[in-house]
Amino acid sequence: MLEGRYRIDAPIARGGMSMVFRGVDTRLDRPVAIKVMDPKFASDPQFLTRFELEARAVAKLKHPSLVAVYDQGVDGDHPFLIMELVEGGTLRELLRERGPMPPHAVRAVAEPVLYAIGVAHAAGLVHRDIKPENVLISDSGEVKIADFGLVRAVAEAKITSDSVILGTAAYLSPEQVTSGTADARSDVYSAGILIFEMLTGRTPFTGDNSLSIALQRVEKDVPSPSRFIAGVPPEIDELVAHATAREPLHRFANATEMAAELRRIARELQLPDYRVPAPTESAEHLSATYRVGPTPAPRGPVPPRAIAGAADATTRLPADPPTVHLQPQAQHTRVMTAARELPPEYQRQPEYAPPPGQPGNHGYGSDLIEDRGKSRRKVIIWLSVVVTLAVLLGIGGWWLGVGRYSAVPSIAGMDTQKAVSTLQDAGFKTETRQKASDMIPVGNVVGTDPPAGTRVTKGSSVAVLVSSGKPKVPDVQPGQDVNSVDKAIRDAGLTPVDAGEVGSTAPKGTVAKVDPSPGTVLPANAQVKVYRSKGSQPVKVPDLRGKTEDEARTALQKAGLTVSSTRDQFDAKIKSGQVIGTDPAAGTSTESGNGVVLIVNSAVDMPNLLGANVSTARSKLQALGLTVTVRQLANNDGSIVISQSTAPGDAVQPGATITLVAIP
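Numbered according to full-length UniProt numbering, the sequence shown spans residues 1 to 664.
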């Protein structure tokens with residue numbers, strides 16, 4: 001519960017700075033989306049200011065295609081944002097399920113998004129991070145733009161350094177790459193890339209890393225979508241080119257202007273109205289199975305809406321929304337058009353129709369029938385033989401290729417007992433394994449291995465993966481096999497990384513150590529360095545005299561040695577707490593990986609007691625483990641110290657006697 005009001009039910013998405021959860025406003029009893037910032041950012045005042053600015057700026061905006069912001073606050077180390085919960089999925093998930101989109105579906109997504117962003121532009125705000133992950137599609141067909149976490153009010157944009165590039169590399173404008181600045185025209189550029197990806201199923205620039213992708217747009221123009229998929233109207237190509245001009249002044253001035261041009265093109269091409277389907281296998285739908293409270297009703301397919309202005313029955317919207325299918329030789333898109341036809345690549349394929357006429361009785365004589373009888377019987381016999389063989393071969397091929405396989409059912413969100421029962425009912429053997437997860441609570445089902453939807457042989461074993469909690473570095477001992485350690489790290493939900501060789505007493509080629517150390521809790525997929533042993537080698541113990549204990553440990557580690565223990569010893573010439581030597585001594589030759597004893601100075605730094613009363617001075621010295629003798633005329637704890645036997649700042653051996661002189 002946040003602030004005693006907002007109940008967190010289940011995770012939906014995770015970002016670099018925050019997580020988004022499904023939740024309930026218990027005061028108003030309504031579902032909400034809760035965006036919670038990572039606690040490690042809670043101590044950053046600049047970050048908190050940015051987060052608060054997001055809430056205030058977006059809450060002022062009003063548009064049906066903008067995700068509404070309801071509340072903002074801080075609960076302990078958790079700043080949070082309360083937003084409208086859009087039940088459906090993201091455009092990214094829809095593209096993964098159905099592939100590229102035809103022009104009329106692209107228009108149905110892009111137009112409301114552009115008008116919503118145009119409202120923000122009119123208020124002096126810039127989104128800066130337009131991408132498919134931030135476009136939400138509800139189960140009722142509404143399209144909304146989300147996550148103004150990188151929005152900046154133009155008048156208050158001094159928070160972000162000009163050297164910082166905010167946004168996702170694949171959708172950044174050239175000026176965001178070169179200078180880090182962004183305005184309304186930067187959002188227009190990102191919207192152009194978004195339309196390009198919806199049409200083609202890919203982004204215009206690819207590379208080995210984010211930097212190379214970002215830098216390409218500085219030197220190259222965005223290619224026309226029609227170069228990658230046939231049938232894109234020239235008007236759409238021109239829209240994308242105008243929006244993605246490298247020079248900002250050559251683009252649309254803002255998103256509203258671009259939306260108006262898209263609407264004009266839709267009228268000119270007579271694109272039909274269309275309701276965008278929500279993705280079926282979305283993170284939001286999955287989160288609904290975890291939420292606290294009554295079990296939600298099963299989600300059924302959303303019935304398609306009739307196309308406005310359809311000419312006849314053949315122009316109705318198909319039950320399965322149109323998708324683009326890429327094939328080696330030809331490209332076809334199942335699309336309905338109105339009065340003006342689009343290019344053939346974006347036309348729906350004609351439905352099968354029976355022949356217009358059927359053969360009837362033409363009054364053939366009995367002699368003709370008799371003459372053909374024998375021949376017809378032979379043909380029937382041979383056809384029967386061929387059909388029988390074909391059926392047998394078909395059944396055999398079906399069994400070998402399809403029949404003996406079955407898809408693994410989805411069990412995410414079930415309890416372990418129900419998950420096992422579901423898999424066994426589907427004809428699979430089951431086993432239970434632990435799997436780390438920083439999103440799924442301990443004991444809940446994370447999924448299966450193989451994953452849900454995978455087709456495997458009937459009767460084979462499927463593992464039920466139960467959450468063991470947040471990933472933790474497994475217990476690794478020197479000398480273990482590298483492959484087994486890598487597997488243990490991956491099983492823990494982390495990523496092993498080869499960190500090279502170090503000196504170690506462990507056999508050469510085995511694991512010497514891991515970093516971070518075993519037992520450390522890390523985020524999912526975080527890297528764990530695995531060091532391989534290069535065996536013991538003669539090394540000299542470095543001179544560590546005068547170093548702090550931490551500095552000494554680092555120096556020994558670089559030399560291929562470890563600290564086995566520490567020992568205290570008094571030395572008046574070295575500061576308290578510093579290293580005065582080692583065992584074996586500096587310069588001694590030993591084997592790499594061996595332990596070294598650090599000898600640390602146990603001296604006590606003498607405090608300045610002059611001017612203090614006897615009671616205070618005695619308490620300080622006794623707290624340091626020293627013995628106190630006071631020389632004074634009368635036994636009075638209020639007497640003032642005028643002399644001390646050891647000068648302030650000198651090193652004193654623990655337990656030594658300090659003589660104080662006090663008056664009166």
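Ideal placement from N, C-alpha and C gives every residue a C-beta, glycine not left out.
Terminal residues of the alpha helix (DSSP H) in which residue i lies
| i | result |
| --- | --- |
| M83 | First-last for M83: 78-84, but that is the beta strand (DSSP E), not the alpha helix (DSSP H). |
| T200 | 184-200 |
| D425 | 416-425 |
| L556 | 549-558 |
| R98 | 91-98 |
| Q176 | 174-178 |
| Q622 | 614-623 |
| A572 | It is not in any alpha helix (DSSP H) - A572 carries neither H nor E in the DSSP assignment. |
Minimum Cβ-Cβ distance from residue i to chain B less than 8 Å
| i | result |
| --- | --- |
| H250 | Any reference to chain B falls outside this structure, which holds one protein chain only. |
Reference residue i; option with closest CA among the options
| i | options | result |
| --- | --- | --- |
| G99 | D129, P64, F196, M19 | F196 |
| I229 | L114, R202, S210, V58 | R202 |
| R264 | H250, E284, L239, V276 | L239 |
| K575 | T657, V596, T548 | T548 |
| E636 | P648, V614, Q622 | Checking the sequence, you will find Asn at residue 636 rather than Glu. Ranking P648, V614, Q622 by Cα distance to N636 puts V614 first. |
| A116 | W382, A105, E97, L136 | L136 |
| E97 | P279, D481, V502, V596 | P279 |
| I640 | L48, Q480, I663 | I663 |
| L465 | V446, V563, V188, D415 | V446 |
| P496 | V514, T510, D481 | V514 |
| L556 | Q480, E52, D571, A585 | A585 |
| A123 | A184, V67, K131, P132 | A184 |
| R631 | T657, P607, V652, A623 | T657 |
| Q216 | T181, M198, V177, D237 | V177 |
| Y189 | T90, L393, P248 | P248 |
| D25 | L81, A57, A59, G15 | L81 |
| T289 | G560, A412, R227, I381 | A412 |
| G638 | G595, Q270, R618 | R618 |
| E52 | V661, P79, P103 | P79 |
Residue i burial status per 10 Å Cβ neighbour count (16 or more: buried)
| i | result |
| --- | --- |
| E431 | exposed |
| G192 | buried |
| G118 | buried |
| M64 | Rather than Met, the amino acid found at residue 64 in this sequence is Pro. With fewer than 16 Cβ atoms within 10 Å of its Cβ, P64 is classed as exposed. |
| residue 681 | An answer regarding residue 681 cannot be provided, because it is not within the stretch 1 to 664 covered by the chain. |
| V20 | buried |
| Q644 | buried |
| G655 | exposed |
| E87 | buried |
| M1 | exposed |
| P455 | Here the sequence assigns Arg to residue 455, which means Pro is not the residue at that position. Exposed is the call here. |
| Q653 | exposed |
| A407 | exposed |
| S468 | buried |
| A390 | exposed |
| D77 | exposed |
| E54 | buried |
| V69 | buried |
| K540 | exposed |
| V385 | exposed |
| G4 | exposed |
Bounding residues of the beta strand (DSSP E) (the contiguous stretch that carries residue i)
| i | result |
| --- | --- |
| G118 | Not the beta strand (DSSP E): G118 falls in the alpha helix (DSSP H), residues 103-122. |
| A33 | 30-37 |
| V514 | 511-515 |
| residue 670 | This structure leaves residue 670 out entirely; the chain is present only between 1 and 664. |
| N601 | 595-601 |
| residue 665 | The first residue shown for the chain is 1 and the last is 664, placing residue 665 beyond what the model contains. |
| E261 | From DSSP, E261 is part of no beta strand (DSSP E) but of the alpha helix (DSSP H) over 255-269. |
Sequence-distant residues of its chain with Cβ nearer than 7 Å to residue i (five each side left out)
| i | result |
| --- | --- |
| D147 | D129, N134 |
| L368 | In this prediction, L368 has a pLDDT of 33, which is less than 50 and means its spatial position is unreliable; what the coordinates show is noted afterwards. Cβ within range, chain order: n/a, list empty. |
| A259 | E111, L114, Y115, G118 |
| D568 | V600, S602 |
| T416 | T432, V445, V464, V466 |
Cutoff 6 Å; reference residue i; Cβ partners in own chain excluding five residues on either side
| i | result |
| --- | --- |
| G593 | G503, S504, T505, S536 |
| G23 | Y6, R7, I8, D9, V32, I34 |
| T659 | T629, S645 |
| K429 | S461 |
| P471 | A436, A492, G493, L494, L522, A524 |
| D650 | M606 |
Cβ neighbours of residue i in the same chain (closer than 8 Å, five flanking residues each side left out)
| i | result |
| --- | --- |
| A488 | P474, V476 |
| K573 | A651 |
In chain order, which continuous runs of the alpha helix (DSSP H) of length 4 or greater are located wholly inside the segment 209-251? 210-219, 234-243
Segments assigned beta strand (DSSP E), at least 3 residues, entirely inside the segment 424-476: 429-435, 445-449, 455-457, 461-467
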